[in-house]
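S.K.:
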Amino acid sequence: MPQTRAPRWPLFEFACSAVAQKIRIRLKAYDHRVLDQAASRIVDTATRTGTRVAGPVPLPTSINKYTVIRSPFIDKDSREQFEMRTHKRILDILDANPKVVDALMRLNLPSGVNIEIKL
């Protein structure tokens, strides 16, 4: 007589929801002062709601260099270099709850900051 197994779906769903939620926020900006200001606002908001925050952790600055010829005609040896620096930070919000997520969604951050959020 073949045994029928109960589906594993509800058990798996319950186990995933019982695990503490961790939110990873990655910030990028060209200006490091604006980036640090945005990171401090996020940390203040998260600590006010009673969660633990790890960071901000500074990541290596990526530098993109562009070389252009100064003259429109001859003189190829005369060149000029421009660079674009992208500063990055990572924040981890541990033990996140819906109250924290709601507070972060209502947070106004300065313009010029790119935000990536992973749950």
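The sequence shown begins at 99 in the numbering used here and counts up by one.
Beta carbons are placed, not taken as given, at the ideal position from N, Cα and C, and that holds for glycine.
Short of 6 angstroms in beta carbon distance, which residues of its chain neighbour Thr165, apart from the five on each side in sequence? Order them along the chain.
M.R.: Counting from 1 along the sequence shown, the entry for residue 165 is found at position 67. Once the five neighbours on either side are set aside, the close Cβ partners of Thr165 are Arg177 and Gln179.
S.K.: Touch check for the stretch 148–162 and the stretch 203–217: three-plus C-beta pairs under 8 angstroms?
M.R.: Verdict: no, contact absent.
S.K.: Just to confirm, is the Cβ distance from Thr184 to Ala136 under 9 angstroms?
M.R.: In the sequence shown, counting from the first residue as 1, residue 184 sits at position 86. In the sequence shown, counting from the first residue as 1, residue 136 sits at position 38. Cβ distance not < 9 angstroms, so Thr184 and Ala136 don't count as in contact.
S.K.: Starting from the Cα of Arg124, find the closest Cα among Asp175, Gly148, Ile191 and Arg146 and give me that residue.
M.R.: Translated into the one-based positions of the sequence shown, residue 124 becomes position 26. Arg124 has its Cα closest to that of Ile191, out of Asp175, Gly148, Ile191 and Arg146.
S.K.: Which residue spans inside the stretch 127–200 form an unbroken beta strand (DSSP E) run of at least 3?
M.R.: Fully enclosed beta strand (DSSP E) runs of 3 or longer: 150–167 and 177–194.
S.K.: Under the assumption that Leu207 contacts Arg139 (Cβ atoms under 8 angstroms), give the Cβ distance between them as a whole number of angstroms.
M.R.: As a working note, residue 207 is residue 109 in the sequence shown. As a working note, residue 139 is residue 41 in the sequence shown. Sure, about 6 angstroms apart at Cβ, within 8 angstroms.
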